[in-house]
Amino acid sequence: MNKKMMQALFFMLALIWTGIMLSAPVARAGAKMFVDQSGDRIVVKKPFKRIISLYGAHTENLFSLGLNKEVIGVSRHEAYPPQAMTKKIFSYHDDAEKFIAARPDLVLIRPMIARGYPNLVQKLRGAGITVVSLQPRTIKDVYAYWKELGLLTGREGRAEAMIKEFETKLRHIRALVKTIPQAKRKRVYFEAIHSRMKTFAPSSIAIFALQTAGGINVAADAHARHNTNIAAYGKEHILSHANEIDVYLAQKGFMNHISKRRIREEAGFKTIKAVREGQVYIVDEKIVSRPTLRLLDGIYEIGRFLYPRVFNDVTAFKKIPVLSRAQFSELFVKMTNTPLKTPDYRHDIQKRAEERHRYGDFKDVNYTGNAYKFIETAVYRGIFPNIKKYAFEPDKPIKRSTVAYALFVYFDFPEVTKKVTMKDVADSAPFFEQIRTAVGLGIMRLTTDNLFRPDGPVSGLDAFQIISRARQAAQ
Numbered sequence: 027m028n029k030k031m032m033q034a035l036f037f038m039l040a041l042i043w044t045g046i047m048l049s050a051p052v053a054r055a056g057a058k059m060f061v062d063q064s065g066d067r068i069v070v071k072k073p074f075k076r077i078i079s080l081y082g083a084h085t086e087n088l089f090s091l092g093l094n095k096e097v098i099g100v101s102r103h104e105a106y107p108p109q110a111m112t113k114k115i116f117s118y119h120d121d122a123e124k125f126i127a128a129r130p131d132l133v134l135i136r137p138m139i140a141r142g143y144p145n146l147v148q149k150l151r152g153a154g155i156t157v158v159s160l161q162p163r164t165i166k167d168v169y170a171y172w173k174e175l176g177l178l179t180g181r182e183g184r185a186e187a188m189i190k191e192f193e194t195k196l197r198h199i200r201a202l203v204k205t206i207p208q209a210k211r212k213r214v215y216f217e218a219i220h221s222r223m224k225t226f227a228p229s230s231i232a233i234f235a236l237q238t239a240g241g242i243n244v245a246a247d248a249h250a251r252h253n254t255n256i257a258a259y260g261k262e263h264i265l266s267h268a269n270e271i272d273v274y275l276a277q278k279g280f281m282n283h284i285s286k287r288r289i290r291e292e293a294g295f296k297t298i299k300a301v302r303e304g305q306v307y308i309v310d311e312k313i314v315s316r317p318t319l320r321l322l323d324g325i326y327e328i329g330r331f332l333y334p335r336v337f338n339d340v341t342a343f344k345k346i347p348v349l350s351r352a353q354f355s356e357l358f359v360k361m362t363n364t365p366l367k368t369p370d371y372r373h374d375i376q377k378r379a380e381e382r383h384r385y386g387d388f389k390d391v392n393y394t395g396n397a398y399k400f401i402e403t404a405v406y407r408g409i410f411p412n413i414k415k416y417a418f419e420p421d422k423p424i425k426r427s428t429v430a431y432a433l434f435v436y437f438d439f440p441e442v443t444k445k446v447t448m449k450d451v452a453d454s455a456p457f458f459e460q461i462r463t464a465v466g467l468g469i470m471r472l473t474t475d476n477l478f479r480p481d482g483p484v485s486g487l488d489a490f491q492i493i494s495r496a497r498q499a500a501q
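Each residue of the sequence shown is one higher than the one before, starting from 27 at the first, in our numbering.
Here's what the structure looks like:
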């Protein structure tokens with residue numbers, strides 16, 4: 027090929043390349059792209075505004091990103107955050123027409139749905155709806171996943187803030203764990219599915235939660251199956267570690283309908299050290315297996331099971347002159363090491379009477395931060411009398427009569443046989459029996475002139491001492 031022909035060919039190729047570039051949509055210049063969990067190339071030209079989420083973690087993270095009205099549908103089980111209860115329900119079992127009629131521009135799924143329901147995915151994409159499959163498997167994947175959700179919704183800045191918040195709180199947890207000598211770290215078997223004797227893969231989010239809380243995974247030799255977070259282990263393998271399992275921990279959820287009793291009564295499990303010593307704990311799978319900010323709650327909860335004195339520090343409460351109802355809730359839950367109540371699934375919540383309080387109902391409680399977790403736990407445990415459906419009055423001072431009621435409900439006290447006389451509490455007064463028990467056992471004390479002051483406030487130090495005496499009296 028001579029020089030002139032070479033120049034002509036080069037010129038023609040340049041013209042063709044220029045034509046291709048000029049014919050490309052202008053929107054592509056500002057578009058962003060990533061590959062989802064199913065290997066599909068996702069191009070984001072602008073933030074999606076009408077989103078249906080078919081996985082609880084996606085939904086929770088969308089709300090954490092600051093979205094609400096943009097979320098037009100969720101899967102049928104979701105109840106957290108409380109706003110999710112107001113959204114229309116969708117399922118991968120539904121016809122594509124139901125989705126299309128809602129006019130979403132984005133449907134978020136996970137790989138299980140992509141593999142199991144390819145026809146639904148194909149029809150939705152055929153209707154011009156973007157379908158994205160996401161589900162991180164390791165903690166490193168979680169950060170990328172949050173960023174991808176931020177990219178899809180135009181909330182990249184908030185996604186970065188979520189990562190920073192998560193890392194900041196992780197540093198605090200690790201500082202707590204650092205105070206625990208290595209020789210005193212608990213060895214834990216973490217059950218994923220009891221009926222199949224399965225645990226978690228060492229790289230899973232659940233094992234990350236366990237190890238971050240200071241636990242040592244006795245099933246570190248487990249191998250993941252079928253590219254999942256679950257690993258087969260087997261009863262024989264579990265029992266081979268029987269004498270070294272300090273704590274038996276099991277997740278509870280759709281994958282594992284479990285109870286402490288079932289674990290204790292499993293054939294052969296009485297040889298396990300943790301079972302013999304009563305160190306069996308159940309934790310909600312929604313806070314240990316899902317890639318959301320509530321994973322921090324799961325880490326704290328595991329820490330409270332393993333090292334209650336470290337993770338239930340209440341020193342700061344002793345300095346509070348007048349304890350509020352919200353503060354008393356947290357102090358009580360921590361001092362009794364009561365497991366945190368997490369929201370049930372939507373269908374379980376909807377079974378309860380409409381007029382009764384349901385998780386997330388309180389209009390005067392902020393369902394972000396930490397206080398609400400202890401409030402809802404205390405209410406669920408029944409330690410507050412006469413709870414209203416929508417009002418908790420978290421900032422009101424806790425009354426002495428309410429403290430007496432809480433103690434009576436929670437602890438199994440011996441019977442009080444001696445006569446207790448109080449000038450300001452008649453036999454017919456509300457909570458007389460609860461107050462009489464607390465006074466009769468020396469848990470709560472009268473003034474020098476025999477007054478109980480049922481409506482009086484309680485300081486943090488007083489509450490700490492009262493609960494401490496209650497624990498001793500109940501032993």
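From the three backbone atoms N, C-alpha and C, an ideal C-beta is built for every residue, glycine too. Note that the coordinates shown come from a computational prediction; the quantities given were computed from them, not determined experimentally.
Exercise. What residue does the alpha helix (DSSP H) around Gly180 start on, and which one ends it?
Worked result: Counting along the chain, Gly180 falls outside any alpha helix (DSSP H), and DSSP gives it neither H nor E.
For this session: Return helix, strand or coil for His198, following the three-state DSSP convention.
Result: helix
For this session: Could you tell me which residues DSSP puts in a beta bridge with Lys444?
Result: Lys444 is not bridged to any residue.
For this session: Give the secondary structure of Gly154 by DSSP, where H, G and I count as helix, E and B as strand, and everything else as coil.
Result: coil
Problem set entry | Element boundaries [alpha helix (DSSP H), containing Leu433] | Arg426 to Tyr436
Exercise. Alpha helix (DSSP H) containing Glu292: first to last residue?
Worked result: Glu292 -> no alpha helix (DSSP H), and no H or E assigned at all.
Problem set entry | Inter-stretch contact (C-beta, 8 Å, three-pair minimum) for the stretch 175-193 and the stretch 64-84 | yes
Exercise. How big is the Cα-Cα spacing for Thr364 and Ser266?
Worked result: 31 Å
Exercise. For the ligand MN, is there a heavy atom less than 6 Å away from the beta-carbon of Ala218?
Worked result: What this structure holds is no ligand at all, so the ligand MN is not there to describe.
Problem set entry | Under the three-state DSSP convention, the category Arg351 falls into | helix
For this session: Could you name the residues of the same chain whose beta carbon sits closer than 8 Å to that of Gln491, not counting the 5 residues immediately before and after it, in chain order?
Result: none
Problem set entry | Alpha-carbon spacing of Pro228 relative to His263, whole angstroms | 16 Å
Exercise. When the Cα atoms are used, what is the spatial distance from Asp387 to Leu322?
Worked result: 23 Å
For this session: Rounded to whole angstroms, what's the CA-CA distance from Val214 to Ile233? Just pull it up for me.
Result: 10 Å
Exercise. Three-state secondary structure (DSSP) at Thr506?
Worked result: This structure cannot settle anything about residue 506, because the visible part of the chain is limited to 27 through 501.
Exercise. How is the beta strand (DSSP E) around Ala276 delimited, first residue to last?
Worked result: Val273 to Lys278
Exercise. Around the C-beta of Ala218, are 16 or more other C-beta atoms found within 10 angstroms, so that it is buried, or is it exposed?
Worked result: buried
Problem set entry | Within 7 Å, strictly: CB atoms of Arg320 and Ile328 | no
Exercise. Any Cβ of chain D within less than 7 Å of the Cβ of Asn476?
Worked result: Absence of chain D from the displayed structure is noted, only one protein chain being present.
Exercise. If you drop the 5 nearest sequence neighbours on each side, which residues of the same chain put their C-beta closer than 6 Å to that of Ile284?
Worked result: His220, Ala276 and Lys278
Problem set entry | Extent of the continuous alpha helix (DSSP H) to which Ala496 belongs | Gly486 to Ala500
For this session: Leaving out five residues on either side along the sequence, give the residues of the same chain with a beta carbon under 6 Å from the beta carbon of Val405.
Result: Ile413
For this session: Determine the contact status of Lys212 and Leu93, defining contact as a CB-CB distance below 7 Å.
Result: no
Problem set entry | Opening and closing residue of the alpha helix (DSSP H) in which Ser79 lies | Counting along the chain, Ser79 falls outside any alpha helix (DSSP H), though it belongs to the beta strand (DSSP E) covering Ile77 to Ser79.
For this session: Please state if the CB of Pro347 and the CB of Ser485 are separated by a distance shorter than 7 Å.
Result: yes
Exercise. Does the stretch 349-361 come close enough to the stretch 390-405 to have 3 or more Cβ pairs within less than 8 Å?
Worked result: yes
Exercise. Can you tell me the Cα-Cα spacing of Asp121 and Val158, whole angstroms?
Worked result: 18 Å
Problem set entry | Bridge partner(s) assigned by DSSP for Ser101 | Phe116
For this session: Label Ala153 either buried or exposed according to how many other C-beta atoms from any shown protein chain fall within 10 Å of its C-beta, with 16 as the threshold for buried.
Result: exposed
Exercise. Which whole-angstrom value is the C-beta distance of Ser315 and Ile231, which I expect to be below 8 Å?
Worked result: 6 Å
For this session: For Val340, collect the residues of the same chain with a Cβ closer than 7 Å to its Cβ; drop the 5 residues on either side in sequence, then sort them by chain order.
Result: Leu357, Lys360, Met361 and Phe490
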